[in-house]
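Engineer:
Residue numbers (the numbering used here), protein chains in the order written: chain A, 22 to 320; chain B, 20 to 336.
1. Within its chain, find whatever has a CB closer than 6 Å to the CB of residue 323 (chain A); leave out the 5 residues flanking it on each side and keep chain order.
2. Between residue 313 (chain B) and chain A, is there a C-beta pair that is closer than 9 Å?
3. Using a threshold of 9 Å, state whether the C-beta atoms of residue 273 (chain B) and residue 284 (chain B) are closer than that.
4. Report whether the distance from the Cβ of residue 146 (chain B) to the nearest heavy atom of the ligand MG is below 8 Å.
5. Once DSSP output is grouped into helix, strand and coil, what is the label at residue 291 (chain A)?
6. Could you compute how far the alpha carbon of residue 320 (chain A) sits from the alpha carbon of residue 73 (chain B)?
7. Looking only at its own chain, which residues have a Cβ that is under 7 Å from the Cβ of residue 154 (chain B), when we skip the five neighbours before and after it?
8. Whether or not the segment 303-313 of chain A and the segment 138-151 of chain B are in contact is what I'm after, with contact meaning three or more pairs of Cβ atoms, one per stretch, closer than 8 Å; do they touch?
9. Taking the C-alpha atoms as reference points, what is the distance between residue 228 (chain A) and residue 236 (chain B)?
10. What distance in whole Å lies between the Cβ atoms of residue 29 (chain A) and residue 163 (chain A), which are believed to be in contact at a cut-off of 8 Å?
11. Which whole runs of the alpha helix (DSSP H) in the segment 94-164 of chain A are 4 residues long or more, in chain order?
12. Residue 53 (chain B) and residue 177 (chain B) look like a contact to me (Cβ under 8 Å); what is the Cβ gap, rounded to whole Å?
13. Report the neighbours of residue 134 (chain B) on chain A: residues whose CB is nearer than 9 Å to its CB, in chain order.
14. For residue 48 (chain B) and residue 308 (chain B), I'd like the C-alpha separation in whole angstroms.
15. Do you know whose CA, among A:241, A:23, A:310 and A:200, lies nearest residue 165 (chain A)'s CA?
16. Within the same chain, show all residues whose beta-carbon is closer than 8 Å to that of residue 318 (chain A), passing over the 5 residues directly before and after it, in chain order.
17. For residue 144 (chain B), go through chain A and note every residue whose CB falls closer than 7 Å to its CB, in chain order.
18. Would residue 52 (chain A) pass as an interface residue toward chain B - the criterion being a Cβ-Cβ separation below 9 Å?
19. Identify the continuous alpha helix (DSSP H) that holds residue 248 (chain B) and give its terminal residues.
20. Tell me which residues share the same chain as residue 199 (chain A) and place their Cβ nearer than 7 Å to its Cβ, disregarding the 5 neighbours each side in the sequence.
21. Using the DSSP secondary-structure output, state which residues sit across from residue 117 (chain B) in a beta bridge.
22. Considering only residues of the same chain and omitting the five flanking positions on each side of residue 296 (chain B), which have a CB-CB separation below 6 Å?
23. Can you check whether the CB of residue 63 (chain A) is closer than 9 Å to the CB of residue 122 (chain A)?
24. Just the C-alpha distance for residue 295 (chain A) and residue 287 (chain A), rounded to the nearest angstrom, thanks.
25. Evaluate residue 264 (chain A) with the Cβ neighbour count: other Cβ atoms within 10 Å of its Cβ, from every protein chain shown; 16 or more gives buried, anything less gives exposed.
26. Going by the DSSP bridge assignment, what does residue 166 (chain B) pair with across the sheet?
27. Starting from the Cα of residue 235 (chain A), find the closest Cα among A:145, A:107 and A:150 and give me that residue.
28. Which residue comes first and which comes last in the alpha helix (DSSP H) that contains residue 229 (chain B)?
29. Please go through the same chain and pick out, in chain order, the residues whose beta-carbon is closer than 6 Å to the beta-carbon of residue 211 (chain B), but skip the five residues on each side of it.
30. Counting only C-beta atoms, is residue 292 (chain B) closer than 9 Å to chain A at any point?
31. Given that a residue counts as buried once 16 or more other Cβ atoms are within 10 Å of its Cβ, and exposed if not, what is residue 215 (chain B)?
32. Assuming residue 256 (chain B) and residue 82 (chain B) form a contact by the criterion Cβ under 8 Å, report the distance between their Cβ atoms to the nearest whole angstrom.
33. State the Cα-Cα distance for the pair residue 31 (chain A) and residue 262 (chain A), rounded to the nearest angstrom.
34. Do you know how far the Cα of residue 196 (chain A) is from the Cα of residue 117 (chain A)?
35. So, at 7 Å on beta carbons, what are the nonlocal neighbours of residue 108 (chain B) in its own chain, with the 5 sequence-adjacent residues on each side left out?
36. What are the residues in the segment 134-165 of chain A lying within 9 Å of chain B by C-beta distance?
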């Protein structure tokens, strides 16, 4: 029982990371229809930024307190997201280019982000010190590192905020309106530019959080972006692109399946890497809308 | 007849170039020809049919591994290995394409991305059969009428694969099928209303171009007589995509231009800017998408059109 409790904590913590990545995809896909493959690399940039700001590696002079560096990283990566929107996505959308063009341009941004991260951070994995140390925390049968509980708590806060944003604020309604009918939304006086900017900025902010959280766990590594990108959209496909709850549900399912497959499936560990990919393909084929459908009433 | 002479001439000329090269340049030249082959096929899949599939390089790898495993690990005759490799690739492509054509938007990209990653996982866990991370080496083609098929003597095989791919693609593009593909890309609903079977068209294009990529992969397997997983990694599909975007999406000449340009430019630029080369590459791609949506071939078209207008003044353009 204790063993399962421990496995559950680490599985849920990775599930939360996947769910956060899914959320950042969702923030962009919902209003713009654009899938941004560069998000994983932005999380990588966030992880390196967290290492640079909060640890004695890269920039030893800084060593800021954890929450200061968290806020700074969020601001920096959100700014990268917003700049990307202004410089690449917006001109293409306003020119009336097919939806494919911004997606391809974002692949270019992916390469740029990956290279910037590699040049600035090097090719070695750099661990940031976990903000709450390496103790062992026990809550009944659930036990794990403080970092795991920190990840889960942060995910709860972020998803709570995202839920409030979509359900309780006028900006959330604007996102929904643009998602349902872009043209009609514009005619109703919704500022499409502001929505696009907010979508990319928000997605960047979430990636920044993911970067900070993973840097305290497995460390910052230049190749961490692609796995995060794939896990993120796998979680999104499982949960459904329509709703915030779907993103965290998909993330948790993915995290649990991955952890329990690695622990209990009688297959070599190198093949376990394929489990989430098989899950993604299965879901796309069997239920491409995901588990939760977009709400179409009560906007 | 004239056509046959043209193709034959191209085969002889492109092969002859290889004999004048040092072994280092020859290897690069052979790889360049293969990249151009991939670009022509991928352009038909992505540029002309509008399918964003990240699996083209994966099929290149499947072809290479299939022919090597069938022929040298399982000991089948080479001809059986080649036919078997083509069959395996076509079958896998059909297995990917038939269910995914039902999906809309960018889901094909996701499925093919997952498929490509899955292939890498499978290669890494294949034990003796795939050589795992080390790959497979130490095999070789049998002599062709006493000529060992290595070095420059192998170039004609690659040129043949390139020209065959080009011929198949051009023939298809200039037929009803090519127009159907463009219609499906631009407006599936309208295409379907015109009596085009959208799903069937998509599946045929995917299976055909993926199989062509697999054949190119088979040719690749004998360039160095060495294959390993990194050659088929995801970065290369981005490179291929960027080659086509920079050259000119949907244009055969653009695909070849992009492939030749981007492949050769890395050797010219790398000594100048060192490790900043991929970074510049990324910026160029973004700039091209923003300011030259038709790619370099579009610039050429504009120049030609302007010349023509200047040569024949008075006519409305």
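Where is the CB? At the ideal position from N, CA and C, for every residue including glycine.
In this text the structure is predicted, and so the values were computed from the model without any measurement.
Structural biologist: Put simply:
1. Nothing about residue 323 (chain A) can be read from this structure; chain A reaches only from 22 to 320.
2. no
3. no
4. Looking for the ligand MG in the displayed structure turns up nothing, as the structure carries no ligands at all.
5. helix
6. Low confidence applies to residue 320 (chain A): its pLDDT is 41, below 50, so where it sits in the model is not reliable, and the reading given next is rough at best. Rounded to the nearest angstrom, the two C-alpha atoms are 36 Å apart.
7. 245, 246, 247 and 248
8. no
9. 37 Å
10. 6 Å
11. 111-115 and 121-142
12. 6 Å
13. 298 and 302
14. Pairing residue 48 (chain B) with residue 308 (chain B), the inter-Cα distance amounts to about 28 Å.
15. A:23
16. For residue 318 (chain A), the pLDDT reaches just 48, beneath the cut-off of 50, and the residue's location in the model is therefore unreliable, although a value from the coordinates is still provided. Result list for residue 318 (chain A): empty, nothing under 8 Å.
17. 289, 291 and 292
18. no
19. Taken as a continuous stretch (DSSP letters only), residue 248 (chain B) belongs to no alpha helix (DSSP H), as it is neither H nor E.
20. Cβ contact annotation for residue 199 (chain A) (same chain, cutoff 7 Å, sequence separation greater than five): 52, 206, 211, 213 and 216, in chain order.
21. Answer by DSSP bridge pairing: none, since residue 117 (chain B) is not bridged.
22. 288 and 289
23. no
24. 14 Å
25. buried
26. Residue 166 (chain B) pairs with B:163.
27. A:150
28. 217-240
29. 217
30. no
31. That one is buried.
32. Contact flag wrong, Cβ pair sits at about 15 Å.
33. 25 Å
34. 20 Å
35. 78, 81, 82, 85, 229, 230 and 233
36. 134, 135, 136, 137, 139 and 140
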